[in-house]
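Numbering (our numbering), first residue to last: -7 to 201.
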Ligand SMILES: C[S@@+](CC[C@H](N)C(=O)[O-])C[C@H]1O[C@@H](n2cnc3c(N)ncnc32)[C@H](O)[C@@H]1O
């Protein structure tokens, strides 16, 4: 069974370009994290989104960062701030399993989001909120767009809010399950796992279920 993302050869370059703090605050303000919810920043840079979310909203935070120096910097900063519920993953955001996230923050590039999009559509759980800074997720419908002129750089920034249940066609979610030889297989990470053997078929309103 070919894995749908296995053919990707090279990651697109995504530079470290930190979100100004007032933009970070706007991102979190529109996402409205609830205490204890899991917030994942894909490409967390120096960890500023994580610090704000943990400190001001009581989020449990996870940062994924491929640059080892930045990953260590973010780790130390969170420790220094006395934040307990955090994890910094030194690794590739395109391989990361974000299915436990309640909120995902993104400050990536158009090319990176294009590659990440099918993975998001397949693996985010229902009701996940996503917030993208300046680069919208191609083809998705934001449920809100906010703008701010940052006092840090004097530039206009945009923040796009998405909802896993409303912002894209959920066909991708159904594709997580494959029926093959009377068995149901679930796609997960890099493989598929058998979850059920079909014993019979049910019919509801004339439809096979
Ligand atoms: C534009 S910065 C955003 C930083 C932070 N999220 C913020 O808003 O301030 C993008 C970050 O993604 C990181 N990055 C680039 N490619 C990555 C990859 N394949 N996996 C994980 N992190 C990556 C970069 O090192 C950089 O820190």
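The C-beta atom is built at its ideal place from N, Cα and C for all residues, glycine as well.
Item to check | Segment contact, 8 angstroms Cβ cut-off, at least three pairs: the stretch 39 to 46 with the stretch 68 to 81 | outcome: Taking 8 angstroms as the limit for Cβ pairs, the verdict is that the stretch 68 to 81 does touch the stretch 39 to 46.
Checklist entry - Rounded to whole angstroms, how far is the Cβ of residue 149 from the Cβ of residue 139, which I believe are closer than 8 angstroms? => result Indexing the chain shown from 1 puts residue 149 at position 157. Indexing the chain shown from 1 puts residue 139 at position 147. Confirmed, Cβ separation roughly 7 angstroms.
Checklist entry - Roughly how many angstroms lie between the CA atoms of residue 74 and residue 47, to the nearest whole one? => result Counting from one through the chain shown, the residue named residue 74 turns up at place 82. Counting from one through the chain shown, the residue named residue 47 turns up at place 55. Straight-line Cα distance between these residues: approximately 9 angstroms.
Checklist entry - Which first and last residues belong to the beta strand (DSSP E) in which residue 154 is found? => result Your numbering for residue 154 matches position 162 in the chain shown. Where residue 154 is concerned, the enclosing beta strand (DSSP E) stretches over 148 to 155.
Item to check | Per-residue burial, residue 143 [other beta carbons within 10 Å of its own, 16 or more giving buried] | outcome: Residue 143 sits at position 151 when you count from the first residue of the chain shown. Answer is exposed; the Cβ neighbour count stays below 16.
Item to check | Inter-residue Cα distance where the pair is residue 90 and residue 116 | outcome: Position 98 of the chain shown, counting from 1, holds the residue named residue 90. Position 124 of the chain shown, counting from 1, holds the residue named residue 116. Across the structure, residue 90 and residue 116 are spaced so that their CA atoms are roughly 7 angstroms apart.
Checklist entry - Helix, strand or coil: which one does DSSP assign to residue 126? => result As a first step, residue 126 is located in the chain shown; it is residue number 134 there, counting from the start. Coil.
Next on the checklist: Please classify residue 154 as buried or exposed, where buried requires at least 16 neighbouring CB atoms within 10 angstroms.
Outcome noted: Within the chain shown, the letter at position 162 stands for residue 154. Label assigned to residue 154: buried.
Checklist entry - Rounded to a whole number of angstroms, what is the C-alpha to C-alpha distance between residue 103 and residue 51? => result Locating residue 103 in the chain shown gives position 111, counting from the first residue. Locating residue 51 in the chain shown gives position 59, counting from the first residue. Looking at the two C-alpha atoms, the distance is approximately 29 angstroms.
Checklist entry - Can you tell me whether residue 37 is buried or exposed, with buried defined as 16 or more other CB within 10 angstroms of its CB? => result Translated into positions along the chain shown, residue 37 becomes position 45. Buried: at least 16 other Cβ atoms inside 10 Å.
Checklist entry - Which one or two residues does DSSP pair with residue 52 in a beta bridge? => result In the chain shown, the residue the question calls residue 52 occupies position 60. Its beta-bridge partners are 30.
Checklist entry - Taking all protein chains shown into account, do 16 or more other C-beta atoms lie within 10 angstroms of the C-beta of residue 8, making it buried, or fewer, making it exposed? => result For the purposes of this step, residue 8 is taken as residue 16 along the chain shown, with counting starting at 1. Per the 10 Å Cβ criterion, exposed.
Item to check | Opening and closing residue of the beta strand (DSSP E) in which residue 98 lies | outcome: By one-based count along the chain shown, residue 98 stands at place 106. Here the beta strand (DSSP E) through residue 98 covers 95 to 98.
Checklist entry - For residue 82, does the three-state DSSP call read helix, strand or coil? => result Counted from its first residue, the chain shown places residue 82 at position 90. DSSP places residue 82 in strand when its eight states are reduced to three.
Checklist entry - Taking C-beta to C-beta, are residue 18 and residue 151 nearer than 8 angstroms? => result What you label residue 18 is simply residue 26 of the chain shown in a count that begins at 1. What you label residue 151 is simply residue 159 of the chain shown in a count that begins at 1. Less than 8 angstroms divides the Cβ of residue 18 from the Cβ of residue 151.
Next on the checklist: I need the straight-line Cα distance from residue 12 to residue 6, nearest angstrom please.
Outcome noted: In the chain shown, residue 12 corresponds to position 20, counting from 1. In the chain shown, residue 6 corresponds to position 14, counting from 1. C-alpha separation (whole angstroms): 17 angstroms.
Next on the checklist: Check for me: the alpha helix (DSSP H) holding residue 113 runs from which residue to which?
Outcome noted: To locate residue 113, count along the chain shown from 1; it is residue 121. Residue 113 -> alpha helix (DSSP H) spans 102 to 115.
Item to check | Spatially closest choice to residue 130 from 101, 14, 157, 136, by CA coordinates | outcome: Taking the first residue of the chain shown as 1, we reach residue 130 at position 138. Just measuring C-alpha positions, the residue of 101, 14, 157, 136 sitting nearest residue 130 is 101.
Next on the checklist: Check for me: the beta strand (DSSP E) holding residue 144 runs from which residue to which?
Outcome noted: Numbered from 1 along the chain shown, position 152 holds the residue referred to as residue 144. Unbroken run through residue 144: none, as it is neither H nor E.
Checklist entry - Under the three-state reduction of DSSP, which class applies to residue 13: helix, strand or coil? => result Your numbering for residue 13 matches position 21 in the chain shown. If DSSP states are grouped into helix, strand and coil, residue 13 belongs with the helices.
Checklist entry - In chain order, what residues of the same chain lie with their CB nearer than 6 angstroms to the CB of residue 4, ignoring the 5 residues before and after it? => result In the chain shown, the residue the question calls residue 4 occupies position 12. Within the same chain, residue 4 has close Cβ partners 103, 104.
Checklist entry - Buried or exposed: where does residue 133 fall if 16 or more other Cβ atoms within 10 Å of its Cβ makes it buried? => result Stepping through the chain shown from its first residue, residue 133 is reached at position 141. Exposed, since its Cβ has fewer than 16 Cβ neighbours within 10 Å.
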